[in-house]
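Chemist:
Residue numbers (the working numbering): -2 to 370.
Here's what the structure looks like:
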């Protein structure tokens, strides 16, 4: 696994470093030998410890070093099922959204390894499909917003599933055969879940900005002509019908068939994206959005959003404005290649705002180019 450190002053790296010393620079963070570098999630604890969830089940931690090859990694926790969401509560406690639940892992005996694993929240279904990953962002009140991913037609559904099963939800390319797939849920500080918004194909990343606005991208594909960036509001439907089988208003109905035959009604019902990102040229598959620090510590573009591309060697930069109560904006490249690998889907700034870490994974969605930079 590797980490992406972007150290700012000028975002004009299109020319060679021989001409510009004050540009963003990319470094590879080395992981222990033999570790498959499939990064599911990254986060910093309040004391600056970096935690990295690997999709094969382990959680590593280290204190960042000046030399990117000198991180002293240690195993903190293990046994997670494809963890793709992470909150480092402290240097001895983390919460991970794995495929079936959110789990808290804590080092209670202070030996450097988690010894207490507790279910923090659960309630969404699991079909056995490889695609049903989940991630999180804080809600500002010791709770979370969770993005619950759909299943893919490229993988099977098991005979025995976790939770209720919907034959109507099983239809389509990306589908919601089990509960709350394709939704955003709110999880309060006690772990109680509340449905928040529906209509997502594969929202691989969710972010709450300092003003309390909730943002999520989605994955281009069926019902999503390009990669969108959505401003999330409670009760809204964001365009992918499969998730609606878990909405009580659609009980006994087939939302996929209904909207296929009633596109005019579909366009009235769905909430449109704040920004639609040009496919291939700018972004093919949105990861976790993240705001550039507003204090200027990361150079220019303070307050704008970054959106990593899970299917390309790019990070997009989004400029937003609010008009008549609705967000709209423009998008361009923040960085395109220049040593950045593909698989970009998780972002975290250091506490001082001067470095950006990027977690990467592909697992069949592109050429192997995973890690942490």
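No residue lacks a Cβ here, since even glycine has one placed at the ideal position from N, Cα and C.
Note that the structure is predicted; figures quoted are calculated from it, not measured.
Note down the Cα distance separating residue 293 from residue 248, rounded to an integer number of angstroms.
Modeler: 50 Å
Chemist: Sorted by chain position, which residues of the same chain lie with C-beta nearer than 7 Å to residue 348's C-beta, five sequence neighbours on each side aside?
Modeler: 41, 45
Chemist: Taking only the alpha-carbon atoms, compute the straight-line gap between residue 328 and residue 368 and give it to the nearest angstrom.
Modeler: 26 Å
Chemist: What's the gap between the Cα of residue 373 and the Cα of residue 257?
Modeler: Examination of residue 373 is not possible in this model, given that the chain is present from -2 through 370 alone.
Chemist: Report, in whole angstroms, the separation of the C-beta atoms of residue 121 and residue 177, which I expect to be a contact under 8 Å.
Modeler: Contact check for residue 121 and residue 177: beta-carbon distance about 4 Å, within the 8 Å limit, so the pair qualifies.
Chemist: Can you list, in chain order, the residues of its chain with a C-beta nearer than 6 Å to that of residue 351? Leave out the 5 residues immediately preceding and following it.
Modeler: Excluding residues within five positions, the ones whose Cβ falls inside 6 Å are 294.
Chemist: Would residue 201 and residue 284 qualify as a contact pair, given that the criterion is a beta-carbon distance under 7 Å?
Modeler: Going by C-beta atoms, residue 201 is nearer than 7 Å to residue 284.
Chemist: Going along the chain, which residues of its own chain have a beta-carbon closer than 6 Å to the beta-carbon of residue 67, five neighbours each way excluded?
Modeler: none
Chemist: So what does DSSP say about residue 256, is it helix, strand or coil?
Modeler: helix
Chemist: Given 8 Å as the limit, is there contact between the region 269 to 277 and the region 321 to 341, that is, 3 or more CB pairs closer than that?
Modeler: yes
Chemist: Give me the DSSP bridge partner(s) of residue 343.
Modeler: Answer is 356, bridged to residue 343.
Chemist: Which residue's Cα is closest to the Cα of residue 116: 99, 27, 130?
Modeler: 99
Chemist: Residues bridged to residue 171 by DSSP?
Modeler: 149
Chemist: How long is the line joining the alpha carbons of residue 97 and residue 320, rounded to whole angstroms?
Modeler: 39 Å
Chemist: Measuring only the C-alpha atoms, how far is residue 95 from residue 265?
Modeler: 35 Å
Chemist: Indicate whether residue 231 and residue 180 have their beta-carbon atoms separated by less than 7 Å.
Modeler: No; because the gap between Cβ atoms is not below 7 Å, this pair is not in contact.
Chemist: Could you give the distance in angstroms between the alpha-carbon of residue 153 and the alpha-carbon of residue 184?
Modeler: 28 Å
Chemist: Using DSSP with H/G/I as helix, E/B as strand and the rest coil, what is residue 368?
Modeler: strand
Chemist: With distances taken Cα to Cα, identify the nearest neighbour of residue 298 among 333, 306, 286, 315.
Modeler: 315
Chemist: Ends of the beta strand (DSSP E) at residue 315?
Modeler: 311 to 320
Chemist: Under the assumption that residue 113 contacts residue 70 (Cβ atoms under 8 Å), give the Cβ distance between them as a whole number of angstroms.
Modeler: Contact doesn't hold; Cβ gap of about 22 Å is too wide.
Chemist: Indicate whether residue 131 and residue 123 have their beta-carbon atoms separated by less than 7 Å.
Modeler: Residue 131 places its beta carbon 7 Å or farther from that of residue 123.
Chemist: With DSSP as the reference, identify every bridge partner of residue 262, one or two as the case may be.
Modeler: Bridge pairing for residue 262: absent [DSSP].
Chemist: Please list the terminal residues of the continuous beta strand (DSSP E) segment that includes residue 56.
Modeler: Counting along the chain, the unbroken beta strand (DSSP E) around residue 56 starts and ends at 56 to 59.
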